[in-house]
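Okay, so here's the structure we're looking at.
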Ligand SMILES: *[C@@H]1O[C@H](CO)[C@@H](O)[C@H](O)[C@H]1NC(C)=O
Ligand SMILES: *[C@@H]1O[C@H](CO)[C@@H](O)[C@H](O)[C@H]1NC(C)=O
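In the numbering used here, the protein residues as written are -5 to 264.
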């Protein structure tokens, strides 16, 4: 589409207050970590000049977008994990972006072989551009999945608060986390499980998993909700009593040994 000089100057005037005409650019994280079997949503955005001045003010329009593991072959559709010109229905690589400025990529059920560097390329009526740096995707086996608690003690009194967080070597932004209490799936998904007013029903062993199949599950975290105000203290009291008894026994044993030595010394003196 050709524009008359008047339309062009209006467009450039409009672009003026919003900042300079954007350049060719792709913005994505340098690296992205994902646990094998889980879903990765890689954020991505891109910009291009609004008009092609060289072609007499043609409005730049995106015609094709692609994600590829090889920046040199990005313009071919054969090796691309996603290509708007050749969308594969069974692909685990889904394009959540658009043709305007969002190039977010979703990888479903990641496998070890997905660990590669990926590049985003877009082609317009005024030329194409491939993001220079690429995103390095790391796939971990998820053996280090852990439940962490906001409180160090397993015992929390009724009405109290606790936040359980699912952690691993990967950061967990935008990951699907599944939670279980005593092995039963909870409805909550997300990296953190927050309890604001604990009841005894919440007592149990909590595990988290990074894929719906329940593999890559963390070790359990036992949460014990006290039934009354003094419960917490009484548990501690029991521990203190046990410690006291052990200490008393040790003391008596040592006293016995000292006495035995003392008395044997006495015998020797005679
Ligand atoms: C890009 O699209 C994704 C998926 O629809 C969305 O979650 C994200 O917020 C969008 N990003 C921007 C900057 O609009
Ligand atoms: C939670 O785990 C502990 C030890 O691992 C076990 O003794 C206890 O019975 C478990 N509780 C439930 C409700 O499964």
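The beta-carbon is built from N, C-alpha and C at its ideal position, and this holds for glycine as well.
This one's a predicted model, so the numbers in the text were calculated from it and none came from an experiment.
Which residues in the same chain as residue i place their Cβ atom closer than 8 Å to its Cβ, once the five residues preceding and following it in sequence are excluded?
i           : result
residue 79  : 58, 60 and 71
residue 36  : 22, 23, 26, 98, 99, 100, 101, 112, 129 and 131
residue 204 : 29, 31, 32, 136, 139, 160, 162, 169, 170, 171, 172 and 210
residue 182 : 173
residue 150 : 156, 192, 217, 218, 219, 220 and 226
residue 253 : none
residue 197 : 217, 218 and 219
residue 49  : 120
residue 251 : none
Quick check: residue i and residue j, are their CB atoms within less than 7 Å of each other?
i           : j           : result
residue 214 : residue 201 : yes
residue 148 : residue 176 : no
residue 139 : residue 191 : no
residue 121 : residue 20  : no
residue 219 : residue 152 : yes
residue 134 : residue 164 : yes
residue 77  : residue 44  : no
Give a single yes or no on whether residue i has its beta carbon closer than 6 Å to a heavy atom of ligand 2.
i           : result
residue 148 : no
residue 212 : no
residue 220 : no
residue 199 : yes
residue 176 : yes
residue 191 : no
residue 216 : yes
Could you pull out every residue in the same chain whose Cβ sits closer than 6 Å to the Cβ of residue i, ignoring the five residues on either side in sequence?
i           : result
residue 67  : 73
residue 17  : none
residue 242 : none
residue 88  : 100
Sort the options by Cα distance to residue i and report the nearest one.
i           : options             : result
residue 33  : 43, 170 and 40      : 170
residue 42  : 116, 104 and 86     : 116
residue 110 : 135, 75, 137 and 88 : 75
residue 127 : 53, 219, 64 and 250 : 64
residue 107 : 86, 178 and 243     : 86
residue 154 : 178, 217 and 104    : 217
For residue i, which residues in the same chain have their Cβ closer than 7 Å to its Cβ, ignoring the five residues on either side in sequence?
i           : result
residue 96  : 39
residue 246 : none
residue 54  : 42, 43, 44, 45, 46, 118, 119 and 120
residue 7   : Only weak support exists for where residue 7 lies, its pLDDT of 46 falling under 50; the value from the coordinates is given anyway. Here the set comprises nothing.
residue 179 : 172
Using a Cβ-based criterion (distance less than 6 Å to any ligand heavy atom), does residue i qualify as near ligand 1?
i           : result
residue 33  : no
residue 119 : no
residue 98  : yes
residue 88  : no
Closest Cβ-Cβ distance between residue i and chain B: below 7 Å?
i          : result
residue 19 : Looking for chain B here will not work: only one protein chain is present.
With contact counted as at least three CB pairs below 8 Å, one residue from each stretch, are the segment 143 to 152 and the segment 88 to 107 in contact? Contact fails between the segment 143 to 152 and the segment 88 to 107, because fewer than three Cβ pairs, one in each stretch, are under 8 Å apart.
Using 8 Å as the cut-off, can you tell me whether the segment 146 to 158 makes contact with the segment 178 to 187, which would need three or more C-beta pairs spanning the two stretches below that distance? They touch, by the three-pair rule.
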